[in-house]
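So this note's numbering is basically just the index in the sequence shown, starting at one, shifted up by 9.
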Amino acid sequence: MTIPWESNVKATGTLTVYDGLKSGRWVHLFKSALQLFNGLRLPVKMTAATDGQSANVSMRVSVGTASYDYGGTTYSSSFDPKRLHGYTMLLHVEGRPLEKANLDMMKVIAVHELIHACGLENSDHADDGVFAKNITPQGAKVVAWGQTTPMPPLFLAPGTTTKIANLW
10 MTIPWESNVK
20 ATGTLTVYDG
30 LKSGRWVHLF
40 KSALQLFNGL
50 RLPVKMTAAT
60 DGQSANVSMR
70 VSVGTASYDY
80 GGTTYSSSFD
90 PKRLHGYTML
100 LHVEGRPLEK
110 ANLDMMKVIA
120 VHELIHACGL
130 ENSDHADDGV
140 FAKNITPQGA
150 KVVAWGQTTP
160 MPPLFLAPGT
170 TTKIANLW
């Protein structure tokens, strides 16, 4: 089930994303993730926000428990430090241990999470492409489980493109 953004956000055709990747191995990933997402030719673009308060989306990295405040409520999620995880809404993508993840793998996960930020939930996952239900390492690249086309370069299943287009 998809979740559309409010009409005032949709009218801009853009989601602003806050760069909360301030340390560790993910610190240099932000610009690449936005460029890769925008290269997918979707009807929504991602741009860097000037601050976390005005952003539509925030990208952060956490080991252990991550928490954030929104609308007076604190939300949290736990992360297994031995696994590579993503979290948007209720998504947890399991992969290789974090210390073995290379930059290409990290880019695939970051863009996958940005697609969730467009309004797609776990039930909207595809069978192929960067928004696949399960992505798994294959050498230095990542593939959708049961598929053979490695990423990057990133690609989307046509159904995912349609779902985003219908939201935006």
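By construction, the Cβ of each residue, glycine as well, lies at the ideal position given by its N, Cα and C atoms.
Between the alpha carbons of residue 118 and residue 85 lies a gap of roughly 20 Å. Boundaries around residue 24 are those of the beta strand (DSSP E), 23-28, since no alpha helix (DSSP H) includes it. Counting only the Cα atoms, residue 159 lies some 30 Å from residue 65. Separation of residue 12 and residue 126 (C-alpha to C-alpha, rounded to the nearest whole angstrom) is 10 Å.
Counting other Cβ atoms within 10 Å of its Cβ, residue 141 reaches 16 or more and is therefore classed as buried. In the displayed model, residue 128 falls within coil according to three-state DSSP, outside both helix and strand.
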